[in-house]
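*Asks:* My questions will all concern the structure given below.
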Amino acid sequence: MGVKTIRRMAAGILSVGESRIKFDPAQLSKVKDALTREDTRSLIEDGTIIVLAKTGVGKGRSRKRAAQKKKGRRRGMGSRRGTKFGRENAKESWMVRVRSLRAVLSRLKDEGRVGSADARKLYLMIKGRAFRGIANMLAYIKENKLGDIEDEKPQNTKAAKQSETA
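Heads up: the sequence shown runs through residues 297 to 462, numbered per this note's numbering.
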């Protein structure tokens with residue numbers, strides 16, 4: 297019988313697709329001699345007819361993509377879905393801003409450049425979202441003469457941190 301017929305028969309017996317049926321090339325003459333489903337079953341038991349494993353979906357590409365994302369890649373304009381504030385966690389950006397403002401206020405208070413009562417007022421203003429950032433808060437302190445601020449620059453820059461550690 298033809299090899300195609302045996303392949304179809306074996307696929308039906310094993311309940312797999314025809315493309316997953318493989319014959320042992322050394323024993324191809326035995327396969328051609330098979331006539332019945334029983335002959336085909338005996339060839340399957342002998343190992344002359346083999347079922348190939350299912351081809352799955354590999355994770356290699358997804359692993360590579362995840363590694364790139366971990367490094368901060370794939371974040372360009374073309375990859376973005378959603379608005380700026382949909383992608384950015386509002387609470388986290390709030391925490392970053394408030395912590396930096398409070399750190400500067402604490403430093404000014406420790407240095408004695410802002411009084412205790414004024415520091416309390418400014419602290420509550422920070423909590424109330426009165427300031428956009430450090431420069432805005434320092435400008436407010438200078439305008440309202442709440443402390444000894446003379447051309448103060450924000451001190452949370454990389455250069456300032458490196459000079460403190462050196």
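C-beta atoms are modelled at their ideal positions from N, C-alpha and C, and glycine is treated no differently.
Just so it is clear, the structure is predicted and the values come from calculations on it, not from any experiment.
(1) With 16 as the cutoff for other CB atoms within 10 Å, does VAL327 come out buried or exposed?
(2) What's the gap between the Cα of SER325 and the Cα of THR344?
(3) Three or more C-beta pairs under 8 Å: does that hold for the stretch 404-411 against the stretch 377-388?
(4) Alpha carbons only, please: which of GLU334, GLU314, LEU401 and ASP342 is nearest the one belonging to ILE437?
(5) Specify the secondary structure class of VAL410 as computed by DSSP and reduced to three states.
(6) Hey, ILE430 and LEU397 are a contact pair by Cβ (cut 8 Å); roughly how many whole angstroms apart?
(7) Hey, LEU348 and LYS318: beta-carbon distance below 8 Å or not?
*Replies:* From the atom records:
(1) Under this definition VAL327 is a buried residue.
(2) Each residue's Cα considered, the two are about 10 Å apart.
(3) Fewer than three Cβ pairs drawn from the stretch 404-411 and the stretch 377-388 lie within less than 8 Å of each other, which leaves the two stretches out of contact.
(4) The shortest Cα separation from ILE437 among GLU334, GLU314, LEU401 and ASP342 belongs to LEU401.
(5) Residue state, collapsed to three classes: strand.
(6) With 8 Å as the limit, ILE430 and LEU397 qualify as a contact, their Cβ atoms being about 6 Å apart.
(7) At the C-beta level, LEU348 and LYS318 come within 8 Å of one another.
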